[in-house]
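Protein chains: 2
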Amino acid sequence: MFALLKPGEKRPLASLDRSLIAGLSVFEGIAAADLDRIVGQARSIRIAKDQPVFEQEQEAHSFFLLLDGHVRVVKSTPDGHEVTVRYISPGELMGIASALGLTTYPANAIAAVDCVALAWPSRLWPAFAASFPSFSSNIYKTVGSRLQDAHARVIEMSTEQVEQRVAHALLKLIKQSGRKTEEGILIDFPISRQDVAEMTGTTLHTVSRLLSAWEDQELVKSGRQRIVVVEPHRLLVIAEGRATKS
Amino acid sequence: MFALLKPGEKRPLASLDRSLIAGLSVFEGIAAADLDRIVGQARSIRIAKDQPVFEQEQEAHSFFLLLDGHVRVVKSTPDGHEVTVRYISPGELMGIASALGLTTYPANAIAAVDCVALAWPSRLWPAFAASFPSFSSNIYKTVGSRLQDAHARVIEMSTEQVEQRVAHALLKLIKQSGRKTEEGILIDFPISRQDVAEMTGTTLHTVSRLLSAWEDQELVKSGRQRIVVVEPHRLLVIAEGRATKS
DNA sequence: GATGGAATTTGCCTCAGCGCAAACAAGACG
DNA sequence: CGTCTTGTTTGCGCTGAGGCAAATTCCATC
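If you want it as structure tokens, here you go:
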């Protein structure tokens, strides 16, 4: 199920760097000893690019903490549509269905690049919640902010035009996973027009047209599965709907 | 802040009917003694029609359990749009910001009719979570299902046409708050075209046109702030997009 | 029962964005 | 180095649904 990374990768597997992990917001306020007890029960896994971390409807056997890479969480509808729920960045949790009383995963999670994650068996959750209150409280904060995000998304879909939504999506992506380059801020994983369309409720054609237009205005530079935001500020103007339609 | 009901209302205030409350899913699996300890710390409040239960951005001083009535939860955007997040029915929680680590309410809650609710001070939450694990677990189940709902909503907005979304909204409403009458299933509180528009991300004009068309087909009967679904099954056909556009 | 305000209906016009289709470019792979 | 797959671009036409505006109906209230 979990394919291996290409050989030559230099990421930690057996010997996890606890000091790095301890800095993550999920573990905020947790004593070192407790942290060890929590992390000690996880196994470390690798997921190759384009492989699933977990799948919709599948029994939720584990929950995960992404250490390295990027994961796309997608919901598939019965009639064949795909809607991207969110992208997971390093340090974020995923597959926390069990904390919400679900027994199956509500979405598919696909590695956008080769990934490393910690995995805990879901059955440990009740014990964790009881023994490490700050851990569970941190996790519920995550859930809370995802609920907020989802509502914000509903509001965007209800009140904004496609152009604004796509602009917002790019801004979110560079905020979450942007890497400065000399050209501008690069979205640090392969992302296609189709992917952006699935995030914003539109079509790859419309996204392509928008990116082309923005490219002409030197707002972004983009290529195959690659988007660089050159002028975040002007993009924000569009996102907020204060753009001067010239 | 909390206006009174009209005189002559016969609802319980001081003497709460515990046996009724005990049946609610929020309290599932909780010992009678614990239930008493939880409910004992709540105060019972009344909210008059059109009055706020709590308001967006306000400090989240309390969380609530609706006992009677219907509450509309609405988010306002900076640019004046209003998006209805959900309707709360009797037995449901609202204002549970504190359980998610928020200090302010993320939305406005307005009584759609005169309401009765229990209110707990938010500061009790950590103690409740620690002392009554099934209570907190039930609450997080609620949160989980709301997260699911929100995602479902995003998917609807991304993949369905307005007609389907409005049909879905009516079906959800009759499921949640439908009352059988000889005409059909009545949505049991005043709801305007505008309200439906705010639930579905469209305009009152479009909702009005749709309801008129459905009225002609004898699918629904509607009037001023009043909607009766006559043929839920045919409405479901529309909602699923299997309608024969005649 | 007259008045005023709120909710609803409807016609007409416009356009953002989708669907379709075809061409094109860039890697991947042998 | 040619070939093939996958992602991208772009033109064209169409239409679902919103915007605007005016008329109408229903209630609440005095």
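Going down the list, the sequences are from chains X and R.
For what it's worth, the working numbering labels the leading residue of the first sequence as 2, then goes sequentially.
For what it's worth, the working numbering labels the leading residue of the second sequence as 2, then goes sequentially.
Every residue, glycine too, gets a C-beta built ideally from N, C-alpha and C.
Setting aside the 5 residues that flank it on each side, Ile48 of chain R is surrounded in the same chain by Phe3, Val54, Ala112 and Cys116, each with a C-beta closer than 6 angstroms to its C-beta; the list follows chain order. According to the DSSP assignment, Ala151 of chain X belongs to no beta strand (DSSP E) but to the alpha helix (DSSP H) extending over Pro134 to Thr160. Secondary structure of Arg73 of chain R (DSSP, three-state): strand. Think of a sphere of 8 angstroms around the beta carbon of Val144 of chain R: the chain X residues whose beta carbon falls inside it are Leu101, Tyr141, Val144, Gly145 and Leu148, in chain order. For Ala131 of chain R, the nearest beta carbon of chain X is closer than 8 angstroms to its own beta carbon.
Its Cα nearest to that of Glu56 of chain R, the residue R:Ile97 stands out among R:Ile97, R:Leu36 and R:Glu93. As DSSP reads the structure, Phe65 of chain R sits in a beta bridge with R:Met95 and R:Ala120. Listed in chain order, the positions of the region 201-212 of chain X with a beta carbon within less than 9 angstroms of a beta carbon of chain R are Thr201, Gly202 and Thr203. Residues of the region 93-124 of chain X whose Cβ lies closer than 7 angstroms to any Cβ of chain R, in chain order: Ala100, Leu101, Gly102, Leu103 and Pro107. Remark: three or more beta-carbon pairs, one from each stretch, lie closer than 8 angstroms, so the region 134-147 of chain X and the region 24-44 of chain X are flagged as touching. Checking the DSSP bridge columns, you'll see Ile228 of chain X partnered with X:Ser223. The beta carbon of Val86 of chain R sits closer than 7 angstroms to those of Val74, Val75, Lys76 and Ala108, all from its chain and outside the five residues before and after it, given in chain order. The bridge partners DSSP lists for Gly179 of chain R are R:Ile188.
Ala113 of chain X sits in coil when the DSSP states are folded into three classes, being neither helix nor strand. Just so you know, the alpha carbons of Glu184 of chain X and Pro233 of chain X end up roughly 12 angstroms apart.
Note that the C-beta distance between Val221 of chain X and Val229 of chain X is below 8 angstroms. The C-beta separation of Trp126 of chain X from Ala43 of chain X comes to about 12 angstroms, leaving the pair out of contact by the 8 angstroms criterion. In this structure Ser26 of chain X is exposed. Its beta-carbon is surrounded by fewer than 16 other beta-carbon atoms within 10 angstroms. Rounded to the nearest angstrom, the gap between the Cα atoms of Met158 of chain R and Ile156 of chain X is 10 angstroms.
Distance from the Cα of Ile140 of chain X is smallest, within the candidate group X:Gln195, X:Gly92 and X:Ala153, for X:Gly92. Within the region 151-183 of chain R, Ala151, His152, Arg154, Val155, Ile156, Met158, Ser159 and Thr160 place their CB atoms closer than 7 angstroms to a CB of chain X, listed in sequence order. In the same chain as Ser193 of chain X, and ignoring 5 residues on each side of it, the C-beta atoms closer than 6 angstroms to its own belong to Gln226, in chain order.
Under the Cβ distance rule, His82 of chain X counts among the residues neighbouring chain R, one pair being separated by less than 8 angstroms.
Contact check for Thr203 of chain X and Val84 of chain R: beta-carbon distance about 19 angstroms, past the 8 angstroms limit, so the pair fails to qualify. Note that the C-beta distance between Thr143 of chain R and Leu94 of chain R is below 8 angstroms. Distance check between His62 of chain X and each of X:Tyr106, X:Leu237 and X:Leu205 places X:Tyr106 closest, using alpha-carbon atoms only. With distances taken between CA atoms, Leu171 of chain R lies nearest to R:Arg235 out of R:Arg235, R:Leu119 and R:Arg124. Counted as a single uninterrupted DSSP element, the beta strand (DSSP E) harbouring Ile48 of chain X occupies residues Arg44 to Ile48. A distance of 8 angstroms or more separates the beta carbons of Val72 of chain X and Pro191 of chain X. The residue among R:Thr201, R:Gln195 and R:Ile239 with its C-alpha nearest the C-alpha of Trp215 of chain R is R:Ile239. Distance from the CA of Asp196 of chain X to the CA of His82 of chain X, rounded to the nearest whole angstrom, comes to 12 angstroms. In the displayed model, Pro53 of chain R falls within a strand according to three-state DSSP. Apart from the 5 residues on each side of it in sequence, Ile22 of chain R sits with its Cβ closer than 7 angstroms to the Cβ of Phe28 and Val40 in its chain, given in chain order.
In the displayed model, Ile89 of chain R falls within a strand according to three-state DSSP.
Against Thr245 of chain X, chain R offers no close residue; the least beta-carbon distance is about 17 angstroms (beta-carbon pairs closer than 8 angstroms).
Look at Thr245 of chain R here: in three-state DSSP terms it is coil, with no helix or strand label.
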